[in-house]
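As you go down the protein sequences, you meet chains F and A in turn.
When we follow my numbering, the leftmost residue of the first sequence carries the number 691, and every step to the right adds one.
When we follow my numbering, the leftmost residue of the second sequence carries the number 255, and every step to the right adds one.
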Amino acid sequence: MNSVFSFARLGALLIKEFIQMRRDRITFAMMLGVPLIQLVLFGYAINNDPKSLPAALVATSNDPYTRAIVAALQTTGYYRFDHVAQSAAEAEFLISRGDVAFVVTIPADFARRVESGNNPQILIEADATDPAVASGAISTLGTVASQALLRAQGTQEAAAEAAKGQLDVVVHRRYNPEGISQYNIVPGLLGVILQMTMVMMTSIALTRETERGTMENLLAMPSSPLEIMMGKVLPYLAVGGVQVVVVLAAAKLLFAIPFTGSMSLLLTAVLIFVLALVLLGYTISTIARTQMQALQLTFFFFLPSIMLSGFMFPYRGMPDWAQAFGEIFPLTHFLRITRAVMLKGAELPAVAGEIGWLVVFVALFAGVALVRFRRTLD
Amino acid sequence: MNAIDVHGLVKRFGDKTVVDHVTMSVAEGEIVGFLGPNGSGKTTTIRIMCGLLTPDEGEGTVLGFNIRTDSLRIKREVGYMTQKFSFYEDLTIGENLEFVARLYRLKPVEEHVASTLEDLGLTSRRNQLAGTLSGGWKQRLALAACIMHKPKLLLLDEPTAGVDPKARREFWDEIHRLASGGLTVLVSTHYMDEAERCHRISYISYGKMLATGTVAEVVRNAGLTTFVLQGPRLDQVAEALQGRPGVDQVAPFGATLHVVGSDKKKLEAALADVEKEHKGVKVSPGETSLEDVFIQFMSGSKDNMA
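In structure tokens form, the structure reads like this:
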């Protein structure tokens, strides 16, 4: 018994382990703080039935029927008409940029047709790149609109039955008419895969040198912080390029993802995104003191960026504060760009703002890394 | 112009003063040994000199460049060999040398690498991973890599720790050959025989520079008196002498016992009756060694690394 198991020896091992746990501050903070932060963050932020989705109204006449339908749609809680488009072209730009999830078009002759009973129509275009986002809003649509119209007409119930079939709600699921979720997931996966490998690899770039003792020599030789940073970051940029080709080829061949947009625009955005990622990883490696800490910090960053970027759960479903928080992740902006370019065929003007965000991240991470980099061993 | 001229260097880590007002000058072409116990601030001082650490106080120049503002220039002209092997173990010997040659922009790279490998006698092992080398060979590779760019000053931090005596001898022959070519060398060590191969030595203890000069000067200035005891049962004699007034050190050396004290009169008094008390023991005046001086320094200074 004594030779196989002793409580005293087990106790010695346990005490040693707890002492080491306590010494490693970052690990300790992660063990206690991270579960709590993530539980609260995700618990409040994630919502699979997004409401109050931004919508654009294209209505040229201001008659009681139009107003009744708009009011009824707003009352469902799904639609929030915060854009009034003057033309179909303007509405098209808004939806391709992702500023709105719906475009509701009520034709100019709507009132006349309602009164004459001549098959009145409204058109609802939904951005179906993420099929989950639009489904709730679309499913309530037909009944709500019909009832609103009837109330506005003030017809009796008997007449209501007769008129009910008259309103024709035309729904266009744009960009992904069959509601195939791969169309949404696979372009997103490109971003997630790149983020996982790029940040993780570069986050140990400097800590590995420090742990192996080669950092002291590297610093003693004439190399500037900028040279060291670029020397660490550029190889992974190349690795990222290879990954991009592999993922895009697989997206095309295995999942038959439609490829409507400009390839050169997509590749430019990917390049800037990968650059932002490797610089982020490098910044982490200037903060972490061991490879273990670097990996922990990477995961600490990784989980919320997947949850809050709109990759896993609808971005629009999150409360405003969580949406604002989601903006700090390069992945959020990258997802918007890839989905817009790959599925919607968006051109540069539509995604310029998001690309601008990525450029800001590149500059920010590079700046922080250069400031954080310790040229000396102080 | 001195190769190294620093004064009043202070470096603190937290509330510990690791380097405490160190002043040092090394003339061109000189080999200076840097001695002191573990944790005495040797490595920190060397790192300040090669621009890896910024001093909290103090000023100075290395090869005429200001240690605070010109660290990049210093890095180009100095060869620094770290205490721990700090080349890439997952690169081959050749790849490590090529890397260093390119960092210092030596052209053509291949020529420099080939001649360095030739000098080292490692040409046939060029494609061997550096991590698979034995301690002695790693040390030779590290030295070769840090003299490849023909530095004017070589800073060596315990270069021979864990290296066998023959390799150490060869290493020192190489150092002397380089110094005769005009290279200045500052080398930290724990070995007394290595200290004696230096032109001058500096002794630092717990951040403070305690002595500097040639070996003979340091020994003379320490002002110690040494007696050598010979005879049977010296272990009992040692025990009896331990702690007597005037006796600072009692240390067995082979078949003899060295008794050292800083006050000659007290030491003589303490030893006066030894020959009577212990039959067959003979007391004779001895030569104070460098090691005796260092032990004296060490026991006299407070340990601040505890």
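Quick reminder that beta carbons are idealized off the backbone N, C-alpha and C, glycines included.
Distance check for residue 287 of chain A and residue 451 of chain A, CA to CA, integer angstroms please.
Start at 1 with the first residue of the second sequence, and residue 451 of chain A comes out as number 197. Start at 1 with the first residue of the second sequence, and residue 287 of chain A comes out as number 33. Their Cα atoms are separated by approximately 8 Å.
Residue 854 of chain F - DSSP class collapsed to helix/strand/coil:
Sequence index remark: in the first sequence, residue 854 of chain F carries index 164 (1-based). Any answer about residue 854 of chain F is weak, because its pLDDT of 49 lies below 50 and its placement is not dependable; what the coordinates show is given next. Here residue 854 of chain F sits in helix by DSSP.
Collapsed DSSP secondary structure at residue 754 of chain F in the structure displayed:
On the first sequence, position 64 is the one that residue 754 of chain F refers to. Helix, per DSSP.
In the DSSP output, what is residue 327 of chain A paired with across the bridge?
For this step, residue 327 of chain A is matched to residue 73 along the second sequence. According to DSSP, residue 327 of chain A bridges with nothing at all.
Considering Cα atoms alone, identify which of F:874, F:954 and F:970 is closest to residue 1000 of chain F.
Position 310 of the first sequence, counted from the first residue, corresponds to residue 1000 of chain F. Of the listed residues, the one whose Cα sits closest to residue 1000 of chain F is F:874.
Under 8 Å Cβ-Cβ, which residues of chain A neighbour residue 924 of chain F?
What you label residue 924 of chain F is simply residue 234 of the first sequence in a count that begins at 1. Those within 8 Å of residue 924 of chain F in chain A number zero; the least Cβ separation is about 15 Å.
For the stretch 296-320 of chain A, which residues have a CB atom closer than 8 Å to at least one CB atom of chain F, in sequence order?
301, 304, 305, 306, 307 and 308
Nearest candidate by alpha-carbon position, reference residue 528 of chain A, set A:468, A:501, A:343 and A:344
Sequence index remark: in the second sequence, residue 528 of chain A carries index 274 (1-based). When each option's Cα is compared against that of residue 528 of chain A, the closest is A:501.
Between residue 760 of chain F and residue 1014 of chain F, what straight-line distance do the alpha-carbon atoms span, to the nearest angstrom?
On the first sequence, residue 760 of chain F is found 70 positions in, with the first residue counted as 1. On the first sequence, residue 1014 of chain F is found 324 positions in, with the first residue counted as 1. Taking the straight line from one Cα to the other gives about 28 Å.
Does DSSP put residue 971 of chain F in a helix, a strand or coil?
Your numbering for residue 971 of chain F matches position 281 in the first sequence. In the structure shown, residue 971 of chain F sits in a helix (DSSP, three-state: H, G or I).
Per DSSP, residue 702 of chain F forms a beta bridge with which residues?
Sequence index remark: in the first sequence, residue 702 of chain F carries index 12 (1-based). Answer by DSSP bridge pairing: none, since residue 702 of chain F is not bridged.
In the DSSP assignment, find the beta strand (DSSP E) that holds residue 339 of chain A and state where it starts and stops.
Translated into positions along the second sequence, residue 339 of chain A becomes position 85. Premise fails: residue 339 of chain A is in no beta strand (DSSP E) and is neither H nor E.
Who are the Cβ neighbours of residue 987 of chain F in its own chain at under 6 Å, not counting the five residues just before and after it?
Numbered from its first residue, the first sequence carries residue 987 of chain F at position 297. Excluding sequence neighbours, residue 987 of chain F sits near 974 and 978.
Output the boundary residues of the beta strand (DSSP E) element that contains residue 366 of chain A.
Residue numbering aside, residue 366 of chain A sits at position 112 when the second sequence is read from its first letter. It is not in any beta strand (DSSP E) - residue 366 of chain A instead sits in the alpha helix (DSSP H) that spans 363-374.
Express the C-alpha separation of residue 335 of chain A and residue 418 of chain A in angstroms, rounding to a whole number.
Within the second sequence, numbered from 1, the residue matching residue 418 of chain A stands at position 164. Within the second sequence, numbered from 1, the residue matching residue 335 of chain A stands at position 81. Their Cα atoms are separated by approximately 18 Å.
Rounded distance between the beta-carbons of residue 257 of chain A and residue 317 of chain A, thought under 8 Å
Mapped onto the second sequence, residue 317 of chain A falls at position 63. Mapped onto the second sequence, residue 257 of chain A falls at position 3. Yes, residue 317 of chain A and residue 257 of chain A are in contact; Cβ-Cβ is about 6 Å, under 8 Å.
Any beta carbon from chain F within less than 8 Å of residue 226 of chain A's own beta carbon?
The requested residue 226 of chain A does not occur in the structure, where chain A is confined to residues 255 to 560.
Have a look at the DSSP bridge pairing and note the partners of residue 265 of chain A.
On the second sequence, residue 265 of chain A is found 11 positions in, with the first residue counted as 1. BP columns for residue 265 of chain A point to A:273.
Would the stretch 286-300 of chain A count as touching the stretch 1038-1054 of chain F if we require 3 or more Cβ pairs under 8 Å?
no
May I have the straight-line CA-CA distance separating residue 766 of chain F from residue 830 of chain F, to the nearest angstrom?
The count along the first sequence starts at 1 and reaches residue 766 of chain F at position 76. The count along the first sequence starts at 1 and reaches residue 830 of chain F at position 140. Rounded to whole angstroms, residue 766 of chain F to residue 830 of chain F spans 8 Å at the Cα level.
Residues in the same chain with beta-carbon distance under 7 Å from residue 888 of chain F, minus the five sequence neighbours each way, listed in chain order, please.
Position 198 of the first sequence holds residue 888 of chain F. So the qualifying residues of the chain are 926, 930, 964, 967, 968 and 971.
Taking a contact to mean a Cβ-Cβ separation below 8 Å, would you say residue 1026 of chain F touches residue 1044 of chain F in this structure?
As a working mapping, residue 1026 of chain F is identified with position 336 in the first sequence. As a working mapping, residue 1044 of chain F is identified with position 354 in the first sequence. Going by C-beta atoms, residue 1026 of chain F is nearer than 8 Å to residue 1044 of chain F.
Of all the options F:918, F:757, F:910 and F:839, which has the alpha carbon lying nearest to the alpha carbon of residue 1056 of chain F?
As a position in the first sequence, residue 1056 of chain F is number 366, starting the count at 1. Closest option to residue 1056 of chain F, Cα to Cα, is F:918.
Tell me where the beta strand (DSSP E) around residue 463 of chain A begins and ends.
Taking the second sequence and counting its residues from 1, the one referred to as residue 463 of chain A is at position 209. 462-467 is the span of the beta strand (DSSP E), which, as asked, contains residue 463 of chain A.
Of all the CB atoms in chain A, is at least one closer than 8 Å to the CB of residue 1085 of chain F?
This structure cannot speak to residue 1085 of chain F, because chain F is shown only from 691 to 1068.
Return the bridge partner residues of residue 311 of chain A from the DSSP annotation.
Looking up residue 311 of chain A in the second sequence gives position 57. In DSSP, residue 311 of chain A forms a bridge with A:264.
What are the boundary residues of the alpha helix (DSSP H) that residue 540 of chain A is part of?
Counting from one through the second sequence, the residue named residue 540 of chain A turns up at place 286. Run containing residue 540 of chain A: none in the alpha helix (DSSP H); it sits in the beta strand (DSSP E), 536-540.
Unbroken stretches of the alpha helix (DSSP H), 4 residues or longer, contained in the stretch 384-420 of chain A:
389-401
Compare the C-beta of residue 340 of chain A with all C-beta atoms of chain F and state if any pair is closer than 8 Å.
For the purposes of this step, residue 340 of chain A is taken as residue 86 along the second sequence, with counting starting at 1. Chain F contact via Cβ: present.
8 Å Cβ cutoff, residue 907 of chain F in contact with chain A:
Residue 907 of chain F sits at position 217 when you count from the first residue of the first sequence. Yes - at least one Cβ of chain A is within 8 Å of the one on residue 907 of chain F.
Just to confirm the assignment: which complete beta strand (DSSP E) runs, minimum length 3, are found wholly within the stretch 917-1005 of chain F?
none
Alpha-carbon spacing of residue 779 of chain F relative to residue 725 of chain F, whole angstroms:
Taking the first sequence and counting its residues from 1, one reaches residue 779 of chain F at position 89. Taking the first sequence and counting its residues from 1, one reaches residue 725 of chain F at position 35. Cα to Cα, residue 779 of chain F sits roughly 47 Å from residue 725 of chain F.
For residue 302 of chain A: DSSP bridge partner residues
Translated into the one-based positions of the second sequence, residue 302 of chain A becomes position 48. In DSSP, residue 302 of chain A forms no bridge with anything.
Residue 854 of chain F to residue 843 of chain F span [Cα, whole Å]
As a first step, residue 854 of chain F must be located in the first sequence, where it is residue number 164. As a first step, residue 843 of chain F must be located in the first sequence, where it is residue number 153. Summary for residue 854 of chain F: the model assigns pLDDT 49, below 50, so the residue's position carries little reliability; its value from the coordinates is reported in the next sentence. Using only the alpha carbons, I get a separation of about 11 Å.
Beta-carbon proximity list for residue 901 of chain F, same chain, < 8 Å, skipping 5 on both sides
Working through the first sequence from its first residue, we reach residue 901 of chain F at position 211. Cβ neighbours of residue 901 of chain F beyond the five flanking positions: 980 and 981.
Compute the distance between the beta-carbons of residue 483 of chain A and residue 513 of chain A, then report whether it is under 8 Å.
The sequence position of residue 483 of chain A within the second sequence is 229, counting from 1. The sequence position of residue 513 of chain A within the second sequence is 259, counting from 1. Against a cut-off of 8 Å, the Cβ pair of residue 513 of chain A and residue 483 of chain A comes out as a contact.
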